[in-house]
Amino acid sequence: MMNIFLKEMSAHRKSLIFWSIGVFLMVASGMVKYESLASSGQPMNEMLAGMPKSLLAVLGIGEFDISTAAGYYGLLFIYLLLMATIHAAMLGATMISKEERDKTSEFLFVKPVSRNQIITAKLLAAFVNILLLNLVTLLSSLVLVGKYSNGEVVSGDIAITMAGMFILQTLFLVIGTSLAAVIKKSKRSASMATGILLLTYVISVAIDLNEHFEGLKYLTPFKYFEAKNLMLGEGFELIFVILSVGLIAGLTVITFVFFKKRDLNV
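If you're matching positions, the sequence shown starts at 529 in the numbering used here and goes up one per residue.
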């Protein structure tokens, strides 16, 4: 089992490095943009006053004071969240399906390990990958946002948003693994996981555009841990934490059950 874990970590090492660099550059470019706007002399919040509500919703600009480093980071967070969750969803799907895709499942399943041990090792490797990306995002944010904060305390806001991000990373990871375990055509699982992610994001934008869609917030994880609620509101809402944990547990069970039962294309 440990050999499978190490093999998976090695197989996804380059991908993790690529995504980590992408996250770092996203934070760096965002804060450079913030410094440029802050030094321009034009009130940053007034720049948004004339923008249509639909554009503000798409850009993820809510109730933040973007003249502060923490407020601008809140605006930037949705893009970091999208990157992290896309990585998690694709990782979960490919971690399970790649043996069939690469025609290596026959070699793997003649090893003296059970399917439960195999899926456990793969899930642990995937979990470590998303944890490492989350830590890269956390450290990048602490260093780069702190650099431009002019003494403003930002570590608490960053830490709480990263905690919310990690829960969503885990949720989309098991969405990917469960789809890969259930769907017979392995190549479709990654695209379907990404499609579900984008659909739920679009729903979250629609809710921001029209308050009549507020009841749909339980259908989109992007409404569970929004930066504006975590940073400016009361933090984590218990209902969304419970819902997330329940979904993660249920989808993990689905992954184990269907992976154990499925006929592999060797």
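For every residue, glycine included, the Cβ atom is placed at its ideal position computed from N, Cα and C.
Item                                                                                                               : Value
When E536, I614 and S567 are compared against T728, the one with the closest alpha-carbon                          : I614
T705, enclosing alpha helix (DSSP H) - first and last residue                                                      : S683 to V710
Whole-angstrom C-beta distance between N644 and K788, which should lie under 8 Å                                   : 7 Å
Residue interval of the alpha helix (DSSP H) (run including M554)                                                  : R541 to A566
Whole-number beta carbon distance between A616 and L672, since they are thought to touch under 8 Å                 : The Cβ separation is near 22 Å, so there is no contact.
Inter-residue CB distance, G620 and T705 (contact presumed, cutoff 8 Å)                                            : 4 Å
Beta-carbon separation (whole angstroms), T780 vs A709, contact threshold 8 Å                                      : About 10 Å separates the two Cβ atoms, so there is no contact after all.
The alpha helix (DSSP H) enclosing G761, as first and last residue numbers                                         : Looking at the DSSP string, G761 is not in any alpha helix (DSSP H), and its letter there is neither H nor E.
First and last residue of the uninterrupted alpha helix (DSSP H) at N644                                           : R643 to K675
contact_flag[the region 598 to 608, the region 660 to 676] where n(CB pairs < 8 Å) is 3 or more                    : yes
Runs of alpha helix (DSSP H) lying entirely within the region 590 to 630, each at least 4 residues, in chain order : 597 to 629
Neighbourhood of G774 by C-beta, 8 Å cutoff - its chain only, sequence neighbours within 5 removed                 : none
Beta carbon of K751 nearer than 8 Å to that of G602                                                                : no
Y746, buried or exposed, once every other Cβ within 10 Å from all chains shown has been counted against 16         : exposed
Contact belief for G679 with L604 at Cβ below 8 Å, rounded distance in angstroms                                   : With a Cβ gap of about 20 Å, G679 and L604 do not count as contacting.
Nearest-angstrom Cα separation, counted from V555 out to S669                                                      : 6 Å
Residue from T622, H540 and L651 whose Cα sits closest to the Cα of M529                                           : L651
Buried/exposed call for A718, threshold 16 Cβ in 10 Å                                                              : buried
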